[in-house]
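Just so you know, my numbering puts 548 at position 341 of the sequence shown, and the rest follows in order with no gaps.
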Amino acid sequence: MFGGTGPAASLLVAESWERSRHRGIDPTVVAPSVELEGPDLSRHVAEHRMASVLPVVESVLVSGVVSSGHIVAVADERGRLLRVIGDRGVRSRAESMAFIPGAVWTDEAVGANAPGLALRHDTEVRVRGSEHYLEMAHEWSCAAAPVHDPGTGELIGLIDVTGPSSAASDQMLALIRATVMLAEGELRTAAGLVVPRRGGVDRAEGGRFRLRVLGAGAGVVDGDGPGVGGRALTGRHAEICVLLDAHPEGLTGGALAELLADDRLDEVSVRAEVSRLRRVFGPDVVASRPYRLAPGAVVTDLREVTDALDSGDVMRAVASYPGPLLPASDAPGVADLRLEVHSMVRAAVLSADRLPVLRAWVGGAGREDLAAWRSLARSRYADASTIAAAEARCRVLDQRFGA
Numbered sequence: 208m209f210g211g212t213g214p215a216a217s218l219l220v221a222e223s224w225e226r227s228r229h230r231g232i233d234p235t236v237v238a239p240s241v242e243l244e245g246p247d248l249s250r251h252v253a254e255h256r257m258a259s260v261l262p263v264v265e266s267v268l269v270s271g272v273v274s275s276g277h278i279v280a281v282a283d284e285r286g287r288l289l290r291v292i293g294d295r296g297v298r299s300r301a302e303s304m305a306f307i308p309g310a311v312w313t314d315e316a317v318g319a320n321a322p323g324l325a326l327r328h329d330t331e332v333r334v335r336g337s338e339h340y341l342e343m344a345h346e347w348s349c350a351a352a353p354v355h356d357p358g359t360g361e362l363i364g365l366i367d368v369t370g371p372s373s374a375a376s377d378q379m380l381a382l383i384r385a386t387v388m389l390a391e392g393e394l395r396t397a398a399g400l401v402v403p404r405r406g407g408v409d410r411a412e413g414g415r416f417r418l419r420v421l422g423a424g425a426g427v428v429d430g431d432g433p434g435v436g437g438r439a440l441t442g443r444h445a446e447i448c449v450l451l452d453a454h455p456e457g458l459t460g461g462a463l464a465e466l467l468a469d470d471r472l473d474e475v476s477v478r479a480e481v482s483r484l485r486r487v488f489g490p491d492v493v494a495s496r497p498y499r500l501a502p503g504a505v506v507t508d509l510r511e512v513t514d515a516l517d518s519g520d521v522m523r524a525v526a527s528y529p530g531p532l533l534p535a536s537d538a539p540g541v542a543d544l545r546l547e548v549h550s551m552v553r554a555a556v557l558s559a560d561r562l563p564v565l566r567a568w569v570g571g572a573g574r575e576d577l578a579a580w581r582s583l584a585r586s587r588y589a590d591a592s593t594i595a596a597a598e599a600r601c602r603v604l605d606q607r608f609g610a
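Shown next as structure tokens:
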């Protein structure tokens, strides 16, 4: 791998310029072609494998970089931009050089640029200002890295950040690299490859159901059961799943009742709720005596966060944590677990004190975390625009919380 830095990266750019000159490409005239538009583009994006990584890109990259004059782009394996995200003013400037969804930004089509070289050489690449072959791109810098299918190793697309000179910084490339890692992890999960579970219970390959219990989209279950994919569970059923997942050894009816509603719920009511839950998932998913989930039958996004923390992968934990556990629930056991998980993720972020992790945290679930914003403002690795934005956010939160 070239790594996109130093002499190797300069050689990639120089070789690209030579190819472009040999093909007779005029850098003052050529512009990227737009292959996909309207319904064709929408259909292609929806059907492409890179669509499943867009939430990861948005949670890790978008919130952390677009406020500082950057745009984030996701492209397919043919160099066609699928999504371009950023402030309207910055995107308008980029549109003047056809850096828009559906446009082709390969090395063959428009010469040296980070997305094109990343695809051509299957490596992360940075291209700064006048290193671009197109003259209209000289005011921009960019960094890009390829994304691979975790099962086959096939290159399926790329992630790019384009903007001022900081787009090609070491910190930005590190953030892109982390996002690619998380994106490939999302693809691995979607493909049903092995995901370790905490507590010594292994999830079977191709587990049947995935339950979202974190953030605004909590309570939705995806799976291959008839009529189940994308279905929203009742609040009580989501709470039961969370509590049983947190106790793989199982819970008695009395213990589950206390965790759900202190003394306000009896075992008969719990038995009725579990019976209804079995009708949703099927009779083999929720076992009795004690109540427990069948190993590997239900995988929650909460489990993905705790597994990442257990392995020391703070960036993956942050990217997997869009917000609090079942935020509408007042079940005592869920409330305790909600506080525990949020505190664990936050503590891992602050103790790691790494720029990409801080950016991802304050751009997502930690957007109101004053301590994290202060750490970002003090980071010696942050560029001037990031520090200015962090200091401004600190002032807002200081006023809001009366600090």
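Where is the CB? At the ideal position from N, CA and C, for every residue including glycine.
> With 16 as the cutoff for other CB atoms within 10 Å, does Asp517 come out buried or exposed?
Replying inline: Taking all protein chains in view, the Cβ of Asp517 is surrounded by fewer than 16 other Cβ atoms within 10 Å, so the residue is classified as exposed.
> Which term fits Val401, buried or exposed, when burial requires 16 or more other beta carbons within 10 angstroms of its beta carbon?
Replying inline: Bear in mind that the predicted position of Val401 carries a pLDDT of just 38, short of 50, making it unreliable; the figure below should be weighed with that in mind. Result: exposed.
>> Comparing C-alpha positions only, which one of Glu225, Val521 and Ala462 sits nearest to Glu338?
In response: The shortest CA-to-CA distance from Glu338 to any of Glu225, Val521 and Ala462 is the one to Glu225.
> Based on Cα-Cα distance, which residue from Pro308, Gly503, Gly360 and Arg285 lies nearest to Ile278?
Replying inline: Out of Pro308, Gly503, Gly360 and Arg285, Pro308 has the C-alpha closest to the C-alpha of Ile278.
> How many Å lie between Val368 and Leu261 at the Cα?
Replying inline: Rounded to the nearest angstrom, the two C-alpha atoms are 14 Å apart.
>> If the criterion is Cβ atoms closer than 8 Å, does the pair Ala305 and Arg290 meet it?
In response: No Cβ-Cβ contact shorter than 8 Å links Ala305 with Arg290.
>> Checking the sheet assignment: what are the DSSP bridge partners for Leu365?
In response: In the DSSP assignment, the residues bridged to Leu365 are Ala282 and Pro353.
>> So if DSSP puts Leu310 in a beta bridge, which residue, or which two residues, is it bridged to?
In response: Looking at the sequence itself, residue 310 is Ala, so the reference to Leu does not match. According to DSSP, Ala310 bridges with Val241.
> Can you name, in chain order, every residue of its own chain whose Cβ lies under 6 Å from the Cβ of Val477, other than the five neighbours on each side?
Replying inline: For Val477, where only same-chain residues beyond five positions count, the Cβ hits under 6 Å are Gly460, Leu463 and Ala464.
> So Ala579 and Val552 are in contact, right, with Cβ under 8 Å, and what is the actual spacing, rounded?
Replying inline: Contact doesn't hold; Cβ gap of about 11 Å is too wide.
> With 16 as the cutoff for other CB atoms within 10 Å, does Ser223 come out buried or exposed?
Replying inline: Buried is the call here.
>> Just verifying my parser: in three-state terms, what is the DSSP assignment at Val291?
In response: Three-state DSSP puts Val291 in a strand.
>> Can you tell me where the beta strand (DSSP E) holding Arg417 begins and where it ends?
In response: In the DSSP annotation of this structure, the continuous segment of the beta strand (DSSP E) that includes Arg417 starts and ends at Phe416 to Arg419.
>> If you follow the beta strand (DSSP E) that Arg333 is in, where does it begin and where does it stop?
In response: First-last of the beta strand (DSSP E) with Arg333: Val332 to Val334.
>> Can you tell me whether Arg561 sits near the ligand MG, meaning its C-beta is under 7 Å from at least one heavy atom of the ligand?
In response: As for the ligand MG, it is missing from this structure, which has no ligand bound.
> First and last residue of the alpha helix (DSSP H) that includes Thr513?
Replying inline: Thr513: member of the alpha helix (DSSP H) spanning Asp508 to Asp517, first to last residue.
>> DSSP three-state label for Gly530, please.
In response: Gly530 falls in the coil class under three-state DSSP.
> Nearest-angstrom Cα distance between Val525 and Ile232?
Replying inline: Spanning the alpha carbons of Val525 and Ile232 requires a straight line of approximately 44 Å.
> Where does Arg300 fall in DSSP's three states?
Replying inline: Assigned with DSSP and collapsed to three states, Arg300 falls in helix.
> Count the other CB atoms within 10 Å of the CB of Arg510; is the residue buried (16 or more) or exposed (fewer)?
Replying inline: When all chains shown are included, Arg510 counts as buried.
> Roughly how many whole angstroms lie between the Cα atoms of His444 and Ser266?
Replying inline: Cα to Cα, the separation comes out at about 27 Å.
> Just checking my contact of Ala282 with Gly364 at CB under 8 Å: how many whole Å lie between their CB atoms?
Replying inline: Indeed they touch by this definition, with Cβ atoms about 6 Å apart.
> If you draw a straight line from the alpha carbon of Arg228 to that of Gly276, how long is it in whole angstroms?
Replying inline: Approximately 32 Å, taken between the alpha carbons.
>> Taking 8 Å as the cut-off, does the region 293-302 touch the region 583-603 (at least 3 CB pairs, one atom from each stretch)?
In response: As far as the Cβ criterion goes, the region 583-603 does not touch the region 293-302, which means the pair count is below three.
> In this structure, does DSSP put Arg226 in helix, strand or coil?
Replying inline: Three-state DSSP puts Arg226 in a helix.
> Is the Cβ of Leu324 closer than 8 Å to any Cβ of chain D?
Replying inline: In the structure shown, chain D cannot be found, because there is only a single protein chain.
> In three-state terms, what does DSSP make of Asp409?
Replying inline: Summary for Asp409: the model assigns pLDDT 30, below 50, so the residue's position carries little reliability; its value from the coordinates is reported in the next sentence. In this structure, Asp409 counts as coil in the three-state DSSP scheme.
>> For Leu500, list the residues DSSP reports as bridge partners.
In response: Partner(s): Val493.
> What separation, rounded to the nearest whole angstrom, lies between the Cα atoms of Thr330 and Leu324?
Replying inline: In a straight line, the C-alpha of Thr330 is about 8 Å away from that of Leu324.
>> Excluding the 5 residues flanking Leu451 on each side, which residues of the same chain have their C-beta closer than 7 Å to its C-beta?
In response: For Leu451, the CB contacts under 7 Å within the same chain, skipping 5 residues up- and downstream, are Leu458, Tyr498, Arg499 and Leu500 in chain order.
>> DSSP three-state label for Gly457, please.
In response: Looking at Gly457 - three-state DSSP - the assignment turns out to be coil, as it is neither helix nor strand.
> Going by beta carbon distance, what residues of the same chain come within less than 8 Å of Ala542, once the five residues before and after it are set aside?
Replying inline: Once the five neighbours on either side are set aside, the close Cβ partners of Ala542 are Ser536.
> In angstroms, rounded to a whole number, what distance separates the CA positions of Gly432 and Asp514?
Replying inline: Low per-residue confidence applies at Gly432: pLDDT is 43, beneath 50, and the placement is therefore not dependable, though the value from the model is reported in the following sentence. Going by C-alpha positions, Gly432 is about 25 Å away from Asp514.
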